[in-house]
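Residue numbers (this note's numbering): 2 to 194.
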């Protein structure tokens with residue numbers, strides 16, 4: 002959704018004036034390699050401090066072709082325009098040079114904040130146990146699997162508040178001493194519809 006909103010509401014690119022293909026990232030990557038498409042939007046994982054980034058396999062696949070990669074960024078004003086229009090919480094971040102393969106200059110990106118939530122009927126006990134279990138295994142998983150490389154207590158707490166978090170999870174975070182980390186990030190909100 003976010004890439005399509007950027008294309009349409011920031012750059013004025015729509016299905017009426019361009020060939021937009023709604024495909025899987027893998028299909029788009031192959032089309033880029035084959036020269037069948039000009040551009041693709043690729044997600045990058047990051048933790049809240051924006052120091053650790055997960056470079057997706059699709060970017061590595063493009064890098065392996067040996068072809069030049071050209072990155073198209075966005076400005077802070079672009080992201081602010083989207084936030085205003087959609088009452089959203091996207092964040093503008095400048096990726097330092099060399100974060101991505103062949104990226105020699107800072108690159109402005111839009112970050113879509115996300116966090117895990119549960120249905121209001123999810124029990125406090127289960128929420129408590131889930132947080133405690135992840136807190137216990139995550140440091141080990143961080144060493145074992147690339148997907149966990151961006152994990153941190155900050156990642157688990159960024160965007161949380163007393164209003165949007167299950168009381169059982171709040172209890173677990175407080176016992177872990179991590180609840181104070183919630184002050185580092187603006188609480189997650191959703192558009193009022």
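The C-beta atom is built at its ideal place from N, Cα and C for all residues, glycine as well.
DSSP bridge partner residues for residue i (one or two, in chain order)
i           : result
residue 139 : According to DSSP, which records beta bridges pairwise, residue 139 is partnered with nothing at all.
residue 54  : 47
Test item: CB-CB of residue i and residue j under 8 angstroms
i           : j           : result
residue 75  : residue 11  : yes
residue 1   : residue 54  : Any answer about residue 1 is impossible in this case: the structure gives the chain only from 2 up to 194.
residue 165 : residue 119 : no
residue 169 : residue 188 : no
residue 6   : residue 87  : yes
residue 98  : residue 85  : no
residue 72  : residue 29  : no
residue 177 : residue 147 : no
residue 77  : residue 93  : yes
residue 134 : residue 149 : no
residue 190 : residue 90  : yes
Cutoff 6 angstroms; reference residue i; Cβ partners in own chain excluding five residues on either side
i           : result
residue 26  : 59
residue 3   : 113
residue 32  : 38
residue 179 : 154, 158
residue 48  : 151, 153, 156
Beta-carbon proximity list for residue i, same chain, < 7 angstroms, skipping 5 on both sides
i           : result
residue 102 : 60, 64, 70
residue 66  : 34
Beta-carbon contacts of residue i that lie in its chain and below 8 angstroms, excluding the five residues immediately before and after
i          : result
residue 57 : 26, 43, 44, 45, 46
residue 9  : 15
Legend entry - In chain order, each beta strand (DSSP E) run of at least 3 residues that lies wholly inside the region 66 to 152: Runs found: 92 to 96, 108 to 112.
Inset, instruction - Take every Cβ of the region 124 to 131, pair it with every Cβ of the region 168 to 182, and state whether three or more of those distances are shorter than 8 angstroms. - result: Judged by pairs of C-beta atoms under 8 angstroms, the region 124 to 131 touches the region 168 to 182, as three or more such pairs exist.
Legend entry - Sufficient close CB pairs (3 or more, under 8 angstroms) joining the region 66 to 85 to the region 139 to 155: Short answer: they don't touch.
Legend entry - alpha helix (DSSP H) runs wholly inside the region 14 to 44, at least 4 long, in chain order: For the alpha helix (DSSP H) assignment, the uninterrupted runs of no fewer than 4 residues enclosed by the region 14 to 44 are, from N- to C-terminal side, 26 to 35.
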